[in-house]
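Beneath this line is the structure, given in structure tokens, with notes to follow.
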Amino acid sequence: MGNKTSTPKHLQRSDKTKSVIFTFEDYTSDAPDDEKISREVGALQLAISDHVRDYYHERQIQCSPEDIEKVLLKERERFPTLSSIEVSHLVCDIRTRRSALNSFISHMVLKNISFFGHKSHTLLSPGAVGCINDFGFGDPQVKLTDDEETAFTQWRAVTAHLLPKIQKRPTGYQNARIDRLVKSIDETLINFYDSAKDSAERLQSLRGIVERAGIVGEMIFASPSRWKFDWNASRRDLRSRDRRSKEGKAQSDHQAFDKEGKVVVIVLFPALVQMDTKDPEDKHGPKRTRRGDYDGTVAVSEILKEVRKFAELQDPKSQEPEQQHSNPEQQESRPVGSHPILAAAAEQEPRQSKVS
Numbered sequence: 004m005g006n007k008t009s010t011p012k013h014l015q016r017s018d019k020t021k022s023v024i025f026t027f028e029d030y031t032s033d034a035p036d037d038e039k040i041s042r043e044v045g046a047l048q049l050a051i052s053d054h055v056r057d058y059y060h061e062r063q064i065q066c067s068p069e070d071i072e073k074v075l076l077k078e079r080e081r082f083p084t085l086s087s088i089e090v091s092h093l094v095c096d097i098r099t100r101r102s103a104l105n106s107f108i109s110h111m112v113l114k115n116i117s118f119f120g121h122k123s124h125t126l127l128s129p130g131a132v133g134c135i136n137d138f139g140f141g142d143p144q145v146k147l148t149d150d151e152e153t154a155f156t157q158w159r160a161v162t163a164h165l166l167p168k169i170q171k172r173p174t175g176y177q178n179a180r181i182d183r184l185v186k187s188i189d190e191t192l193i194n195f196y197d198s199a200k201d202s203a204e205r206l207q208s209l210r211g212i213v214e215r216a217g218i219v220g221e222m223i224f225a226s227p228s229r230w231k232f233d234w235n236a237s238r239r240d241l242r243s244r245d246r247r248s249k250e251g252k253a254q255s256d257h258q259a260f261d262k263e264g265k266v267v268v269i270v271l272f273p274a275l276v277q278m279d280t281k282d283p284e285d286k287h288g289p290k291r292t293r294r295g296d297y298d299g300t301v302a303v304s305e306i307l308k309e310v311r312k313f314a315e316l317q318d319p320k321s322q323e324p325e326q327q328h329s330n331p332e333q334q335e336s337r338p339v340g341s342h343p344i345l346a347a348a349a350e351q352e353p354r355q356s357k358v359s
């Protein structure tokens, strides 16, 4: 008889395993715990904030918001709570630029570590993301049964055990995807780059953020818990923010509201929600392991109100979030601020500090 091929060491069953079949516990010894995931997400949030503070100016630029929107639409960007033209105005206005750039970078990296991302762009394994879609779990609205949830958790644990890790050493295809995402993000950021700062250092810092996001994605993928990033600011979040703000609570007549009556803010970084645990402060809601960061200053409300008012005059049907697209044939090229009230406010008012 021929020689029997031994099972590779990293695939051998644990001594503690009595079953013939590999079990979930065989692959959880290296799985990150909840606190580690929360810490890594916090480090990612801090890295984005530091990057924006260190490498981008707060001066007027030559490009109009419509020019910036064209760059965003080039990649068919769809933002969680704001339209592309609203994001464009917020990054162009010096009062809200820092908050808006934080939000933009956060969105770009986090959407690419989602289970529901596209396999051609994801920082996760494209094969794994393809399998999730094949399973029928690629839609975030899909509710899994208990059996499906258990099977999905076990599948992720085993798959994560076998996949190469960005944290250890990115493979060729991982580096290519990281570089592609850095380039895509920088097409927008370059318009606000402070030329007094080292360009190579800035790009290396941005690449570090993308790599860190990929590591967070790998950790969440391997975790036995289900996680999501919540881009909607709850009223409790806003009350907490107001208590921390030195400026106090903004007046209601300066606040913008969406169709559901929620205060409209710039979400600099979303809340991290652990889906399978309960929040002790909310009997019906999942636990928010990390609260998000928001900017709900008067400047944000003023800009969004004016942009939406102008858009309604152009096209009354254009006010659905994530579906509003500018029509270049209907819009004239305008200076930064676009609307006279915004341009005047941007020139006269100093930038308001970001909410911590």
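Counting from 4, one number per residue, gives the positions in the sequence shown under the numbering used here. Glycine is no exception: its CB is placed at the ideal position from the N, C-alpha and C atoms.
Collapsing the DSSP output to three states places Ala199 in coil. Thr191 sits in a helix when the DSSP states are folded into three classes. Under the 8 Å Cβ criterion, the segment 113-125 does not count as touching the segment 305-314, having fewer than three qualifying pairs.
Assignment of beta-bridge partners to Lys290 by DSSP yields Gln277.
Residue pairing by DSSP places Tyr297 opposite Val270 in a beta bridge. Counting along the chain, the unbroken beta strand (DSSP E) around Asp233 starts and ends at 230-233. When C-beta atoms of the segment 133-140 are compared with those of the segment 164-179, fewer than three pairs fall below 8 Å, so the two segments do not count as touching.
Under DSSP, Tyr59 takes part in a beta bridge, and its partners are Tyr196. Remark: C-beta atoms of Pro83 and Trp234 approach each other more closely than 7 Å. In the three-state scheme derived from DSSP, where H, G and I count as helix and E and B as strand, Lys73 is classed as helix. Exposed is the label assigned to Ala203, since fewer than 16 other Cβ atoms lie within 10 Å of its Cβ. Gln207 is classed as exposed because its beta carbon has fewer than 16 other beta carbons within 10 Å across all chains shown. By the Cβ rule, the segment 139-153 does not count as touching the segment 82-96, because fewer than three pairs are nearer than 8 Å. Leu209 sits buried, since 16 or more C-beta atoms from the chains shown fall within 10 Å of its C-beta. Pairing Val55 with Leu113 gives a Cβ-Cβ distance that is not under 7 Å.
The continuous alpha helix (DSSP H) containing Asn105 extends over residues 100-113.
Excluding its 5 nearest sequence neighbours in each direction, Asp296 has C-beta neighbours in its own chain below 6 Å: Leu271, Phe272, listed in chain order. Closest in alpha carbon position to Ser198, among Ile51, Ala225, Ser106, Glu61, is Glu61.
Judged by their CB atoms, Val44 and Leu275 are nearer to each other than the 7 Å cut-off. Approximately 29 Å separates the beta-carbon atoms of Ile51 and Ala314; this is outside 8 Å, ruling out the contact. When C-alpha distances from Ser228 are compared across Lys73, Leu76, Tyr196, Thr153, the shortest belongs to Thr153.
The Cβ atoms of Ile116 and Gly220 sit closer than 7 Å to each other. The distance from the Cβ of Ser86 to that of Asp298 is about 17 Å, inconsistent with a contact at the 8 Å cut-off. When secondary structure is reduced to three states using DSSP, Gln65 falls in the coil class, being assigned neither helix nor strand.
Phe232 is the residue among Leu184, Leu316, Phe232, Asp189 whose C-alpha sits nearest the C-alpha of Arg291.
Of the residues Gln170, Lys186, Leu127, the one whose Cα lies closest to the Cα of Arg159 is Leu127.
Rounded to whole angstroms, the separation of the alpha carbons of Met111 and Gly133 is 20 Å. The residue among Ile223, Val90, Ala179, Thr156 with its C-alpha nearest the C-alpha of Val267 is Val90. Between Gln277 and Trp230, the C-beta spacing is below 7 Å. By the neighbour-count criterion, in which 16 or more other beta carbons inside 10 Å mark a residue as buried, Glu214 falls on the buried side. In the structure shown, His92 adopts helical secondary structure according to DSSP, grouped into three states.
Counting along the chain, Gln157 sits inside the alpha helix (DSSP H) bounded by residues 149-165. An exposed status is given to Arg42, since fewer than 16 other beta-carbon atoms sit within 10 Å of its beta-carbon.
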